[in-house]
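Novice: Once you've had a glance at the structure underneath, I'll fire off some questions.
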């Protein structure tokens with residue numbers, strides 16, 4: 014009599030699948046660790062590998078990785094390993110000078126693919142799920158067993174420092190425990206954003222890391238409790254790139270917002286909030302720079318509320334610095350943030366800030382009514398009131414803008430970069446001491 018898998022309790026089935034995956038990882042780990050490097054661990058100034066999902070795309074995590082690579086590049090060899098590549102040119106322009114950028118999975122239409130037996134083997138491996146990246150990470154669809162093997166081949170037998178940039182990648186490098194490497198995980202989102210399955214994968218998987226970096230002190234406490242002291246945790250905020258010397262025009266009747274057009278960024282709430290005050294300020298305009306899956310839905314909201322002349326979905330901008338210089342107010346309407354890099358960039362241009370006080374992020378940067386306005390998270394009415402206050406009080410804009418620029422300077426790579434150098438030096442010393 015055959016057993017119907019649907020009759021197996023979900024918890025039992027999950028454990029069966031997990032056990033099978035654990036067994037399948039054994040030969041993969043043996044292959045990864047079969048070539049220990051001569052001389053053991055990395056040198057103090059050893060090569061740094063930064064592992065990211067897509068170096069050619071757009072987003073705060075990518076900007077943060079490029080900023081870090083650009084800082085470390087003059088001091089040591091740096092390679093950004095991108096899991097996949099879909100575009101010929103990087104969204105953020107030229108990569109940092111001296112930094113190598115490579116892709117494990119070239120998905121461009123013109124990319125060459127192996128034929129014959131090699132092609133068949135590759136296609137078969139592409140159909141199998143990753144054994145390194147947990148399925149709870151939202152980026153897991155980009156991974157498969159073929160990508161696992163490409164990552165291992167890229168690092169196997171080498172020495173250095175490997176830095177993950179999201180939970181799935183952190184778990185992957187922690188599971189591999191590559192001899193000769195110091196493994197550092199980064200979390201670019203606050204801990205409370207991660208769902209139960211991903212938290213469980215983090216609790217099990219991060220034990221193989223040499224260190225974890227987070228963006229706020231609150232996340233240090235949360236991760237310390239979850240990981241029970243098994244992994245050293247350091248606070249290293251994201252850094253703002255040089256956006257140029259020109260500052261915002263604080264008399265411009267333009268409100269700027271920027272980010273992926275996704276639910277997280279809360280542009281639907283911004284549209285509703287501005288709809289409350291648009292009629293009172295007909296000369297003002299809102300520009301939302303970004304691309305994403307919710308574009309049609311957001312445009313339908315704008316049209317339905319009769320705000321087509323007041324709010325523009327301007328698309329992804331290649332010149333965000335210029336957009337900031339032509340605006341006077343920057344609004345952050347996100348439902349959740351880790352440590353919003355675009356907010357720091359806006360502050361560096363001396364824009365007047367109005368931001369939701371997300372659980373982490375804006376409240377670590379914005380001091381209400383000193384360098385911007387903080388309003389209760391996801392409170393559309395209070396967001397409308399904050400925008401109205403900033404619009405109707407130009408002296409408030411002129412006070413908050415310069416104060417915002419002074420705050421942003423504290424998050425330049427000039428200030429934050431030495432923290433990374435100190436961390437790598439401490440991890441080298443700890444590895445050398447056994």
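Numbering (our numbering), first residue to last: 14 to 447. Where a beta carbon is used, it is the ideal one built from N, C-alpha and C, also for glycine.
Exposed or buried, what is residue 424 when buried is set at 16 or more other beta-carbons lying within 10 Å of its beta-carbon?
Specialist: For the purposes of this step, residue 424 is taken as the residue at position 411 of the chain shown. With 16 or more other Cβ atoms within 10 Å, it is buried.
Novice: Is residue 116 helix, strand or coil by DSSP?
Specialist: Here residue 116 corresponds to residue number 103 of the chain shown, with the count starting at 1. Strand.
Novice: Give the straight-line distance between the Cα atoms of residue 168 and residue 92, rounded to the nearest whole angstrom.
Specialist: Within the chain shown, numbered from 1, the residue matching residue 168 stands at position 155. Within the chain shown, numbered from 1, the residue matching residue 92 stands at position 79. Rounded to the nearest angstrom, the two C-alpha atoms are 11 Å apart.
Novice: DSSP on residue 19, reduced to helix/strand/coil?
Specialist: Position 6 of the chain shown, counted from the start, is the residue given in the question as residue 19. Confidence at residue 19 is low in this model, with a pLDDT of 48, below 50, so its placement is unreliable and the value that follows should be read with caution. Looking at residue 19 - three-state DSSP - the assignment turns out to be helix.
Novice: Just the Cα atoms here: how many angstroms apart are residue 137 and residue 330?
Specialist: Residue mapping note: residue 137 aligns to position 124 of the chain shown, counting from 1. Residue mapping note: residue 330 aligns to position 317 of the chain shown, counting from 1. Taking the straight line joining both Cα atoms gives about 39 Å.
Novice: Taking Cβ positions only, does residue 222 come closer than 9 Å to chain B?
Specialist: The structure shown contains no chain B; it is built from a single protein chain.
Novice: Using DSSP with H/G/I as helix, E/B as strand and the rest coil, what is residue 380?
Specialist: Mapped onto the chain shown, residue 380 falls at position 367. DSSP places residue 380 in coil when its eight states are reduced to three.
Novice: Of the choices 229, 241, 226, 129, whose alpha-carbon is the least far from that of residue 217?
Specialist: Reading the chain shown from its first residue, position 204 is the one you call residue 217. Nearest option by C-alpha distance: 241.
Novice: As a quick exercise: from 428, 415, 74, pick the residue whose alpha carbon is nearest that of residue 198.
Specialist: Within the chain shown, the letter at position 185 stands for residue 198. Taking only the C-alpha atoms, the option nearest residue 198 is 74.
Novice: According to DSSP, is residue 148 part of a helix, a strand, or is it coil?
Specialist: By 1-based counting over the chain shown, the position of residue 148 is 135. Coil.
Novice: What does DSSP give as the partner residue(s) for residue 374 in the beta ladder?
Specialist: The sequence position of residue 374 within the chain shown is 361, counting from 1. Answer is none; residue 374 lacks a bridge partner.
Novice: Could you work out which residue in 145, 207, 203 is closest to residue 230 when comparing CA atoms only?
Specialist: Residue mapping note: residue 230 aligns to position 217 of the chain shown, counting from 1. Comparing Cα positions, the closest option is 203.
Novice: Closer than 6 Å by C-beta to residue 343: which residues in its own chain qualify, once you throw out the five before and the five after it? Chain order, please.
Specialist: Reading the chain shown from its first residue, position 330 is the one you call residue 343. Closer than 6 Å at the Cβ level, and outside the excluded window around residue 343, lie 269, 359, 364, 366.
Novice: In whole angstroms, what is the alpha-carbon distance linking residue 260 and residue 86?
Specialist: What you label residue 260 is simply residue 247 of the chain shown in a count that begins at 1. What you label residue 86 is simply residue 73 of the chain shown in a count that begins at 1. Taking the straight line joining both Cα atoms gives about 28 Å.
Novice: Can you round the beta-carbon distance between residue 303 and residue 274 to whole angstroms, since I take them to be within the 8 Å contact cut?
Specialist: By one-based count along the chain shown, residue 303 stands at place 290. By one-based count along the chain shown, residue 274 stands at place 261. Going by Cβ atoms, the distance from residue 303 to residue 274 rounds to 5 Å, so yes, they are a contact pair.
Novice: Need the endpoints of the beta strand (DSSP E) that residue 299 sits in, please.
Specialist: As a first step, residue 299 must be located in the chain shown, where it is residue number 286. Run containing residue 299: 298 to 302, per the beta strand (DSSP E) assignment.
Novice: Comparing C-alpha positions only, which one of 110, 338, 135, 332 sits nearest to residue 267?
Specialist: Numbered from its first residue, the chain shown carries residue 267 at position 254. Comparing Cα positions, the closest option is 338.
Novice: Count the other CB atoms, across all protein chains shown, that sit within 10 Å of the CB of residue 1; report buried if there are 16 or more and exposed otherwise.
Specialist: Residue 1 is absent from the model: the chain starts at 14 and stops at 447.
Novice: Run through DSSP, which three-state label would residue 98 get?
Specialist: Within the chain shown, numbered from 1, the residue matching residue 98 stands at position 85. If DSSP states are grouped into helix, strand and coil, residue 98 belongs with the strands.
Novice: Grouping DSSP H, G and I as helix and E and B as strand, with all else coil, what is residue 154?
Specialist: Your numbering for residue 154 matches position 141 in the chain shown. Residue state, collapsed to three classes: helix.
Novice: Helix, strand or coil for residue 160? Go by DSSP, reduced to three states.
Specialist: Residue 160 sits at position 147 when you count from the first residue of the chain shown. Note: residue 160 maps to helix in three-state DSSP.
Novice: Please report how far the alpha carbon of residue 332 lies from the alpha carbon of residue 109, in whole angstroms.
Specialist: Locating residue 332 in the chain shown gives position 319, counting from the first residue. Locating residue 109 in the chain shown gives position 96, counting from the first residue. Using only the alpha carbons, I get a separation of about 17 Å.
Novice: Kindly confirm or deny that the region 411 to 418 and the region 49 to 63 touch, where touching means at least three C-beta pairs closer than 8 Å.
Specialist: Output reads no: the region 49 to 63 does not touch the region 411 to 418.
Novice: Under 8 Å by Cβ, that's how I've got residue 156 and residue 114 pegged, so tell me the actual separation to the nearest angstrom.
Specialist: Residue 156 sits at position 143 when you count from the first residue of the chain shown. Residue 114 sits at position 101 when you count from the first residue of the chain shown. About 19 Å separates the two Cβ atoms, so there is no contact after all.
Novice: Thinking just about the alpha-carbon of each residue, which of 39, 37, 54, 45 is nearest to the one in residue 445?
Specialist: Translated into positions along the chain shown, residue 445 becomes position 432. Of the candidates 39, 37, 54, 45, the one whose C-alpha sits nearest the C-alpha of residue 445 is 54.
Novice: For residue 290, which of helix, strand or coil comes out of DSSP?
Specialist: Along the chain shown, one-based indexing puts residue 290 at 277. Coil.
Novice: Just the C-alpha distance for residue 399 and residue 290, rounded to the nearest angstrom, thanks.
Specialist: On the chain shown, residue 399 is found 386 positions in, with the first residue counted as 1. On the chain shown, residue 290 is found 277 positions in, with the first residue counted as 1. Rounded to whole angstroms, residue 399 to residue 290 spans 11 Å at the Cα level.
Novice: Within its chain, find whatever has a CB closer than 8 Å to the CB of residue 126; leave out the 5 residues flanking it on each side and keep chain order.
Specialist: Taking the first residue of the chain shown as position 1, residue 126 is located at position 113. Once the five neighbours on either side are set aside, the close Cβ partners of residue 126 are 132, 135.
Novice: Roughly how many whole angstroms lie between the Cα atoms of residue 235 and residue 442?
Specialist: Walking along the chain shown from the start, residue 235 turns up at place 222. Walking along the chain shown from the start, residue 442 turns up at place 429. Computed Cα separation, rounded: 27 Å.
Novice: Using alpha carbons as the reference points, say which of 292, 416, 392 lies closest to residue 382.
Specialist: Walking along the chain shown from the start, residue 382 turns up at place 369. The shortest C-alpha separation from residue 382 is found at 416.
Novice: Report the three-state DSSP secondary structure of residue 312 (helix, strand or coil).
Specialist: Translated into the one-based positions of the chain shown, residue 312 becomes position 299. Here residue 312 sits in helix by DSSP.
Novice: Identify every run of the beta strand (DSSP E) within the region 167 to 204, keeping only runs that are complete inside it and at least 3 residues long; order them along the chain.
Specialist: DSSP runs (the beta strand (DSSP E)) wholly in the region 167 to 204: 173 to 177, 194 to 199.
Novice: Alpha carbon to alpha carbon, how far is residue 369 from residue 200? Give it in angstroms, no decimals.
Specialist: On the chain shown, residue 200 is found 187 positions in, with the first residue counted as 1. On the chain shown, residue 369 is found 356 positions in, with the first residue counted as 1. Taking the straight line from one Cα to the other gives about 21 Å.
Novice: Could you check the C-alpha separation between residue 450 and residue 196 for me, to the nearest Å?
Specialist: No information on residue 450 is available, as it lies outside the stretch 14 to 447 that the chain covers here.
Novice: I need the straight-line Cα distance from residue 277 to residue 421, nearest angstrom please.
Specialist: Here residue 277 is taken as the residue at index 264 of the chain shown, counted from 1. Here residue 421 is taken as the residue at index 408 of the chain shown, counted from 1. Spanning the two alpha carbons is a distance of roughly 23 Å.
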